[in-house]
Amino acid sequence: MKFATTTLLFAPLLVAADSAYEDLRLARHAKIARQAPTPASAPPPSPPATTTPPVVAIPPPPAVSLLSTNPTAVPLTQIVAGQPSPATIPLATTYTAGTVPSGLPEAPGLPSLSSIVPSNYPPLDKLPPTDSPQVKAWIAEVAASGIQIPNILPTLPGGCGTNAQAASNTTNCWWTCGGCTREDDITSCPDKMTWGLTYDDGPAFYTPNLLQYLAEQKIKSTFFTVGSRVISAPATLQAMHVEGHQISVHTWAHPPLTTLTNDEIIAELGWSRKAIKDVLGVTPNTFRPPYGDIDDRVRAIAKAMGMVPVLWTRIGPYATFDTDDFNINGGITTVQQVLVNWKNILGNATSMNTGFIVLEHDLFPQAVEAATGYILPDAIAHQPPFKIEPVITCLNKPLRDAYVETNDNKTNPPVASGGFFLSSRVSAGIIYLAVYFCSTS
Ligand SMILES: [Zn+2]
């Protein structure tokens, strides 16, 4: 199936796609996410002319009316696939070793970046080997946890469409195919009009642009960071941390976790967790599975490693709060469609009795430009106002609860000890039914 055949439907629907489209997007995302980033000094290469996809007739989305936009926003007509590489903003501050975040006085001081040597880590954007001493130690950690890992076979690449049997087996609780969740899964915020703000796949070249806007607006976010990016941009990760944002695990090389063996899942989570600990001095106790690809086997392994899954809000079997901003860069969607998705999310979110979590990204410039130019200004101008904050505080827990070293284990007992991370877990409830989404986490 070509992208041209995908039908996009509008309000009250969110991101719409059929399962074949989902498979294409999963594959495309996996390919993009595993590529090493382009150096900041060079624009991303344009695809060779011979690979230019055929011109397709995508119906234009309806005009979107926003309450406010950023006066310095990049014009929508310029936020396109293959756009010239825009200017990056240098980090406002490069923090020195020993700096303690003012909003997290319990945290240890920042480690020295001279201690971050890429050769001490697995190759970037590749599955880490499972026979290294580090991974063997984490495998032993899981075995010693006492948590039973369900005997669920890895899925085949391609999602629900290529795994019909697993997709229909509800006992595995595979979120990707139908939205099954378990008690510990975090999918929304308990309080109405509260937005647990999240950005995935960084830290990347345009993350400082996003950090600057968030600082101007005094907004904190949760960043689900990829270990390979952490090692590539450790100063940016330190800036996120010192400036009060929550840092969480998003694997080392961004694979769909249900496709991996137990040891491979352990290696992915372990190396990402270690990279963050080495750069920040703190160890996250939450993670987001790439593509939201989680079942009970992945949940159990993560729990044995002390990590709670954070997904994003789903309002029906086939609709989630996914802006689809990731796919502007690849030409799979447009910024105009992303804003339609955003307004549909907003319409649903304001009708809910709980808060919500939305999927957004900071890997590519188009997504950052959409966020800082349009989505965030629109959200900030909303009346009644949203409370926009990191996931951990939207759960009415202090930021210190987000890390092993700073959690006092009182309000947030470690999940591996049998304590529930979230006593106030909520269900988004079904508001509108939509056709099948594609998560690009
Ligand atoms: Zn991701």
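Note that the sequence shown covers residues -19 to -1, 1 to 422 in mature numbering (1 follows the signal peptide of the UniProt record, and there is no 0).
C-beta: ideal position from N, C-alpha, C; glycine also.
inquiry  = Using 8 Å as the cut-off, can you tell me whether the segment 248 to 259 makes contact with the segment 100 to 110, which would need three or more C-beta pairs spanning the two stretches below that distance?
reply    = yes
ask   = So, are the CB atoms of Gly183 and Thr206 less than 8 Å apart?
value = yes
query = Tell me the DSSP bridge mates of Glu341?
reply = DSSP output for Glu341 lists no bridge partner at all.
Length of the line joining the Cα atoms of Lys391 and Ile167 = 19 Å
task = Let me know the secondary structure DSSP gives Arg295 once reduced to three states.
result = strand
key: Span separating the alpha-carbon of Ser202 from that of Gly354   = 17 Å
ask   = Quick one: what's got a C-beta closer than 8 Å to Pro92's C-beta in the same chain, skipping five residues either side?
value = Ala78, Asp259, Val260, Leu261 and Gly262
ask   = Who are the Cβ neighbours of Pro82 in its own chain at under 8 Å, not counting the five residues just before and after it?
value = Ala88, His222, Val223, Glu224 and Gly225
request  = Would you kindly check if the distance between the Cβ of Thr157 and the Cβ of Asp274 is under 8 Å?
outcome  = yes
request  = For Thr188, I'd like the list of residues in its chain whose CB is within less than 6 Å of its CB, leaving aside the five on either flank, ordered along the chain.
outcome  = Thr217 and Asp343
inquiry  = Between the alpha carbons of Leu250 and Ala283, how many angstroms are there, rounded?
reply    = 8 Å
inquiry  = Whole angstroms are fine: how far does the CA of Ala44 sit from the CA of Arg381?
reply    = 42 Å
key: Contact test: Pro271 Cβ vs ligand 1 heavy atom, cutoff 7 Å   = yes
ask   = Is it buried or exposed for Ala214, if we count other Cβ within 10 angstroms and need 16 for buried?
value = buried
query = Is it right to say Val316 is buried, meaning 16 or more other beta carbons lie within 10 angstroms of its own, or is it exposed?
reply = buried
message = Taking 8 Å as the limit between beta carbons, can you name the residues of its chain near Val211, skipping five residues before and five after?
response = If we look at Val211 and ignore the five residues flanking it on each side, its Cβ neighbours are Pro184, Leu218, Ser253, Ala256, Ile257 and Val260.
request  = Measure the alpha-carbon distance for Trp323 versus Thr304 and round it to whole angstroms.
outcome  = 6 Å
request  = Identify every run of the alpha helix (DSSP H) within the segment 174 to 225, keeping only runs that are complete inside it and at least 4 residues long; order them along the chain.
outcome  = 188 to 198, 208 to 213 and 215 to 223
Contacts around Asp172, its chain only, beta-carbon distance under 6 Å, and the 5 residues preceding and following it disregarded = Gly336
query = The beta strand (DSSP E) spanning Ile228 covers which residue range?
reply = Gln227 to Val230
ask   = Rounded to the nearest angstrom, how far is the Cβ of Thr136 from that of Ala147, given a contact under 8 Å?
value = 5 Å
inquiry  = Nearest by alpha-carbon distance to Trp233: which of Ala248, Gln227, Ser49 and Asn150 is it?
reply    = Ala248
message = Quick check on DSSP: helix, strand or coil for Tyr272?
response = helix
message = Please state whether the Cβ-Cβ distance between Ala362 and Ser149 is less than 8 Å.
response = no
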